[in-house]
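If you read the first sequence in numbering that gives the first Met the number 0, its first letter stands for residue 0, the second for the next number, and so on.
Even for Gly, the Cβ is constructed at its ideal location relative to N, Cα and C.
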Amino acid sequence: MVSPVTESQVTADVSAPNPEKLERIRHTCAHVLAMAVQTLFPGTKVTIGPTTDNGFYYDFDRAEPFTPDDLKTLETQMRRIIKAKLPVVREVVSREAIAAEIAQLDENYKAEILAGIPEGETLTRYTIGDVALSGIGGFKLTADKSKKAQAQQFWWDLCAGPHVESTGDIPADAFALESVAGAYWRGDENNPQLQRIYGTAWENAEQLKAYLHQKEEAKRRDHRKIGKELQLFSIQEEAGGGLVFWHPKGATVRRLIEEYWRQTHLAGGYELLYTPHVANLNLWKTSGHNDFYRENMFDVMEVEEQAYQLKPMNCPFHVLTYKSDLRSYRDLPCRWAELGTVYRYERSGVLHGLMRVRGFTQDDAHIFCLPEQLAAEILGVLNLTEQTMSDFGFNNYEVNLSTRPEKSVGADDIWELATQALIQALNDKGWSYVIDEGGGAFYGPKIDLKIQDAIGRMWQCSTIQVDFNLPERFQLEYIAPDGSRQRPIMVHRAIFGSLERFFGILIENYAGDFPLWLAPVQVRLLPIGDEQRQYAQAIAQQLQQRGYRAAVDASGDRLNKQIRNAELEKIPVAIIVGKQEVTDQTLSVRTRQQGDIGTLTLADLQARLDVAIAAKSQI
RNA sequence: GCCGAUGUAGCUCAGGGGUAGAGCAUUCGAUUCGUAAUCGAACGGUCAGCGGUUCAAAUCCGCUCAUCGGCUCCA
């Protein structure tokens with residue numbers, strides 16, 4: 000659900016851009032791009048050119064691929080058009096007239112767009128340049144790349160607008176073409192593939208600069224880069240794409256996340272499960288995954304003439320656990336959690352670091368409950384989610400409530416009950432939310448939570464889904480007070496989403512500077528000379544025995560080099576020990592956040608470490 | 001999977017039909033050093049893999065794999 004590719008989600012922190020004006024600039028920018036393309040590359044067909052969060056794109060149909068050099072040339076041409084201050088004119092047109100013009104130009108995509116606009120709607124076209132100069136309507140474009148050609152330019156597009164009044168209103172120093180990519184006509188991979196040129200555009204150079212800075216910042220924090228630098232994890236060609244190796248330091252962070260998870264879940268009334276990684280294919284037939292989820296599943300494997308399936312989800316296993324015994328209403332709610340590792344087939348082109356992989360571990364849980372328990376259970380999940388996210392440093396959320404989609408299972412009244420339960424829980428929690436009408440799963444409504452990271456990007460992690468489908472398919476039951484057999488409601492929820500993705504988000508959020516409680520190495524001791532090595536070892540050992548993650552720099556490098564390495568490895572606390580410290584039995588402490596903080600005793604240091612660890616903050 | 005780009009030492013990268021290069025890292029030697037890089041030497045590569053063109057391929061061509069930017073999809 001979260002697009003792992005975050006560039007488009009980056010919202011630059013700029014001095015209050017005017018959204019309406021930006022929209023116009025970007026929209027016109029897209030037109031100017033299309034005009035430039037058709038001038039320099041005659042025969043290219045236009046399709047659509049909408050605005051995006053940071054700019055615009057335009058999709059073109061052209062046999063030859065656009066090269067990075069082409070983008071530069073196009074940018075130059077766009078600047079010419081901007082410099083020429085050509086008027087942008089809105090004009091209401093009749094369907095017949097515009098259809099004829101489009102047909103004459105053989106712009107079949109435009110014709111398709113026109114055909115899709117309902118009868119009776121006002122049709123407008125936007126013209127760049129002076130019609131009078133061209134003499135006739137339509138594309139009067141020249142392939143002449145000389146600068147003299149610009150005065151004759153005239154271009155139009157069927158478009159609802161709005162636009163700026165003149166190409167001169169686009170700030171020539173506040174836009175840039177960014178990349179070219181493949182995109183399908185109307186987003187359907189069965190349709191022809193078009194070439195999409197992405198651009199960014201702003202009101203002024205400062206805003207553009209802020210956006211580029213934000214982009215740099217995102218690049219600096221890229222978890223793939225940091226993961227390699229800090230030796231946290233790897234993904235290896237030899238093993239296959241999308242399969243994650245957690246290296247000792249990354250594994251330490253994961254262990255700490257898991258320990259936190261275990262502790263909070265046990266405290267929250269959950270019980271923990273372990274279930275297998277494969278199961279007989281029949282289980283997946285019963286659950287419906289074999290029909291509805293086949294394309295995301297690995298191929299079946301044959302074991303003694305039986306078909307087995309590597310698991311893409313944990314739910315059926317939890318359901319079977321429920322079903323293994325007769326349940327009373329007194330047993331409910333059952334809250335069962337598992338760090339369940341699942342494998343999903345993902346097309347090779349979509350894999351992305353830790354954010355999109357083929358094998359990952361969900362912090363999965365399923366709650367089986369009575370209808371009247373539903374709202375309270377949801378609220379419990381919201382509380383646990385809030386506590387967890389705030390402990391990991393995320394305090395801003397965006398909440399979505401997704402309701403019944405067209406294609407769905409289950410009776411109306413039970414959908415209504417479940418949706419109301421979600422709403423009630425959100426209200427009880429006091430969270431405002433956005434309703435995503437029809438965005439629910441086919442088996443029930445859901446709440447999704449997006450968290451905001453340190454540079455303003457939103458990431459979806461948590462999801463809470465009510466499920467009517469699996470209890471039905473597996474005929475789950477409990478014995479009601481009146482002795483009748485009733486169907487429990489099932490809630491599926493994950494807080495981190497997947498440990499891999501959450502780890503990736505953590506790395507990017509902290510830019511590798513983990514808070515003390517999560518830092519793989521909390522303290523490194525730097526002996527100035529060989530004579531202090533023993534003292535450093537002794538201190539490290541004492542720290543380790545008291546539960547801190549401490550180690551001695553064994554390199555024998557000079558102090559400056561050791562400090563540099565500790566900094567590059569983002570180790571929160573470096574302790575320098577020289578002759579003076581050994582003599583005085585003290586420690587010279589340097590934190591990554593504050594630099595040299597002076598001389599402390601071991602007890603003082605411990606006290607400071609404990610404060611930061613308890614606060615889950617950096618030291 | 002599709003479109004485009006990329007793949008050279010552990011890492012970051014240069015080179016470009018005819019002995020494979022640098023910095024960092026590693027190892028060894030010297031240095032024993034006080035808050036972000038001590039000096040020197042050595043080691044290290046079937047130039048992603050397979051096939052083709054050529055007297056000769058890391059270099060040109062084709063296929064495969066992986067990665068990157070997107071599309072579609074998604075925890």
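With a 10 Å radius around its C-beta and 16 neighbouring C-beta atoms as the bar for buried, classify Gly-239 as buried or exposed.
By one-based count along the first sequence, residue 239 stands at place 240. Residue environment: Gly-239 is assigned as exposed (fewer than 16 neighbouring CB atoms within 10 Å of its CB, all protein chains considered).
Just the Cα atoms here: how many angstroms apart are Glu-371 and Gln-593?
On the first sequence, position 372 is the one that residue 371 refers to. On the first sequence, position 594 is the one that residue 593 refers to. Looking at the two C-alpha atoms, the distance is approximately 53 Å.
On the three-pair Cβ rule with 8 Å, is the segment 498–505 touching the segment 347–363?
In short, these stretches touch, since the Cβ pair count reaches three.
Quick check on Lys-578: does DSSP put it in helix, strand or coil?
Here the question's residue 578 lines up with position 579 in the first sequence. In the structure shown, Lys-578 sits in a helix (DSSP, three-state: H, G or I).
Helix, strand or coil, according to DSSP, for Met-457 in the structure here?
For the purposes of this step, residue 457 is identified with residue 458 of the first sequence, where counting begins at 1. Here Met-457 sits in strand by DSSP.
Contact check, Phe-473 vs Gly-443, beta carbons under 8 Å:
Within the first sequence, numbered from 1, the residue matching residue 473 stands at position 474. Within the first sequence, numbered from 1, the residue matching residue 443 stands at position 444. In this structure, the beta-carbon distance from Phe-473 to Gly-443 does not fall below 8 Å.
To the nearest angstrom, how far is it from the Cα of Ala-602 to the Cα of Ala-535?
Position 603 of the first sequence holds residue 602. Position 536 of the first sequence holds residue 535. Whole-angstrom Cα-Cα distance: 15 Å.
Roughly how many whole angstroms lie between the Cα atoms of Thr-622 and Tyr-197?
Any property of residue 622 remains undetermined from this structure, which presents the chain solely from 0 to 618.
Rounded straight-line distance, which links the Cα of Gln-361 to that of Ala-102
Position 103 of the first sequence, counted from the start, is the residue given in the question as residue 102. Position 362 of the first sequence, counted from the start, is the residue given in the question as residue 361. When rounded, the separation of the alpha-carbon atoms in Ala-102 and Gln-361 is 53 Å.
What are the start and end residues of the beta strand (DSSP E) that includes Met-354?
Counting from one through the first sequence, the residue named residue 354 turns up at place 355. Per DSSP, Met-354 is not a residue of any beta strand (DSSP E), being assigned neither H nor E.
Output the distance between the C-alpha atoms of Gly-226 and Leu-381, rounded to the nearest integer angstrom.
The residue labelled residue 226 in the question sits at position 227 within the first sequence. The residue labelled residue 381 in the question sits at position 382 within the first sequence. A direct Cα-to-Cα measurement between Gly-226 and Leu-381 gives close to 31 Å.
Should Thr-123 and Gly-160 be called a contact, given that it needs their Cβ atoms to be closer than 8 Å?
Start at 1 with the first residue of the first sequence, and residue 123 comes out as number 124. Start at 1 with the first residue of the first sequence, and residue 160 comes out as number 161. Closer than 8 Å, so yes.
What are the partner residues of Gln-308, as DSSP defines its beta bridges?
The residue labelled residue 308 in the question sits at position 309 within the first sequence. Paired residue(s): Ala-278.
Local conformation of His-162 per DSSP, three classes:
Start at 1 with the first residue of the first sequence, and residue 162 comes out as number 163. Three-state DSSP puts His-162 in coil, outside helix and strand.
Judging by CA-CA distance, which residue of Lys-218, Ala-539, Ile-574 is the nearest neighbour of Ile-454?
For the purposes of this step, residue 454 is taken as the residue at position 455 of the first sequence. Nearest Cα to Ile-454 within the set Lys-218, Ala-539, Ile-574: Lys-218.
In terms of DSSP beta bridges, what is Phe-59 paired with?
As a position in the first sequence, residue 59 is number 60, starting the count at 1. Paired residues: Val-45, Gln-194.
Express the C-alpha separation of Asp-330 and Pro-315 in angstroms, rounding to a whole number.
Numbered from its first residue, the first sequence carries residue 315 at position 316. Numbered from its first residue, the first sequence carries residue 330 at position 331. Their backbone Cα atoms lie some 20 Å apart in a straight line.
Taking the continuous alpha helix (DSSP H) assigned at Arg-78, which residues delimit it?
Counted from its first residue, the first sequence places residue 78 at position 79. Here the alpha helix (DSSP H) through Arg-78 covers 67–82.
Is the Cβ-Cβ distance between Ile-24 and Ala-200 less than 8 Å?
Sequence index remark: in the first sequence, residue 24 carries index 25 (1-based). Sequence index remark: in the first sequence, residue 200 carries index 201 (1-based). Yes, these two residues count as a Cβ contact at 8 Å.
What does the alpha-carbon distance come out to for the pair Phe-441 and Glu-568?
Taking the first residue of the first sequence as 1, we reach residue 441 at position 442. Taking the first residue of the first sequence as 1, we reach residue 568 at position 569. For Phe-441 and Glu-568, the distance between alpha carbons rounds to 46 Å.
Assign Phe-138 to buried or exposed, taking buried as 16 or more other Cβ atoms, counted over all protein chains shown, within 10 Å of its Cβ.
The residue you call residue 138 lines up with position 139 of the first sequence. Only weak support is given to the placement of Phe-138: the predicted model assigns it a pLDDT of 40, under 50, and the value that follows is read from those uncertain coordinates. Buried is the call here.
Cα separation between Gln-192 and Asp-105?
Within the first sequence, numbered from 1, the residue matching residue 192 stands at position 193. Within the first sequence, numbered from 1, the residue matching residue 105 stands at position 106. Annotation: Gln-192 to Asp-105 spans about 18 Å, alpha carbon to alpha carbon.
Under the assumption that Thr-600 contacts Thr-582 (Cβ atoms under 8 Å), give the Cβ distance between them as a whole number of angstroms.
Sequence index remark: in the first sequence, residue 600 carries index 601 (1-based). Sequence index remark: in the first sequence, residue 582 carries index 583 (1-based). Not quite, the Cβ-Cβ distance comes to about 14 Å (not below 8 Å), so this is no contact.
Can you grab the Cα-Cα spacing for the pair Glu-19 / Pro-514, in whole Å?
For this step, residue 19 is matched to residue 20 along the first sequence. For this step, residue 514 is matched to residue 515 along the first sequence. Computed Cα separation, rounded: 40 Å.
Given that a residue counts as buried once 16 or more other Cβ atoms are within 10 Å of its Cβ, and exposed if not, what is Leu-140?
For the purposes of this step, residue 140 is taken as residue 141 along the first sequence, with counting starting at 1. Any answer about Leu-140 is weak, because its pLDDT of 42 lies below 50 and its placement is not dependable; what the coordinates show is given next. Here Leu-140 is buried. Its C-beta has 16 or more other C-beta atoms within 10 Å.
Apart from the five residues on each side of it in sequence, which residues of its chain come closer than 6 Å, Cβ to Cβ, to Met-0?
Here the question's residue 0 lines up with position 1 in the first sequence. Residue confidence is low: Met-0 scores 30 on pLDDT, short of 50, so the model does not pin down where it sits. No coordinate-derived value is stated.
Could you check whether Trp-154 and Lys-34 sit closer than 8 Å to each other, using their CB atoms as the reference points?
Working through the first sequence from its first residue, we reach residue 34 at position 35. Working through the first sequence from its first residue, we reach residue 154 at position 155. A quick correction: the sequence has Met, not Lys, at residue 34. Cβ atoms of Met-34 and Trp-154: closer than 8 Å.
Could you tell me which uninterrupted beta strand (DSSP E) segments, each at least 3 residues in length, are contained entirely in the segment 470–509, listed from first to last along the chain?
Runs found: 488–497.
Assuming Gly-339 and Thr-274 are in contact, meaning their beta carbons sit under 8 Å apart, how far apart are those beta carbons, in whole angstroms?
By 1-based counting over the first sequence, the position of residue 339 is 340. By 1-based counting over the first sequence, the position of residue 274 is 275. Between Thr-274 and Gly-339 the Cβ distance is about 7 Å, and since that is below 8 Å, they are a contact.
Nearest residue (CA-CA) to Gly-186, options Arg-293, Arg-334, Ser-233, Asp-58:
For the purposes of this step, residue 186 is taken as residue 187 along the first sequence, with counting starting at 1. Measuring from the Cα of Gly-186, the nearest candidate turns out to be Asp-58.
DSSP-derived helix/strand/coil call for Ala-291
If you number the first sequence from 1, residue 291 lands on position 292. Here residue 291 is Phe; the residue named in the question, Ala, does not match the sequence. Three-state DSSP puts Phe-291 in a helix.
Using 8 Å for Cβ pairs, my map puts Gln-531 next to Val-576. What's the rounded Cβ distance?
As a position in the first sequence, residue 531 is number 532, starting the count at 1. As a position in the first sequence, residue 576 is number 577, starting the count at 1. Correct: roughly 5 Å between the Cβ atoms.
Sub-8 Å separation of Gln-521 and Val-588 beta-carbons
Position 522 of the first sequence holds residue 521. Position 589 of the first sequence holds residue 588. Judged by beta-carbon spacing, Val-588 lies beyond the 8 Å limit of Gln-521, meaning their Cβ atoms are not closer than that value.
Spatial distance of Asp-156 from Asp-68 (CA atoms):
To locate residue 156, count along the first sequence from 1; it is residue 157. To locate residue 68, count along the first sequence from 1; it is residue 69. When rounded, the distance between both Cα atoms is 26 Å.
Would you say Leu-505 and Phe-359 are within 8 Å of each other, going by their C-beta atoms?
Mapped onto the first sequence, residue 505 falls at position 506. Mapped onto the first sequence, residue 359 falls at position 360. Result no, Cβ atoms of Leu-505 and Phe-359 do not sit closer than 8 Å.
Skipping 5 residues on each side, what residues in its chain have a beta carbon closer than 6 Å to that of Phe-297?
Position 298 of the first sequence, counting from 1, holds the residue named residue 297. Answer for Phe-297: Leu-309, Tyr-342, Tyr-344, listed in chain order.
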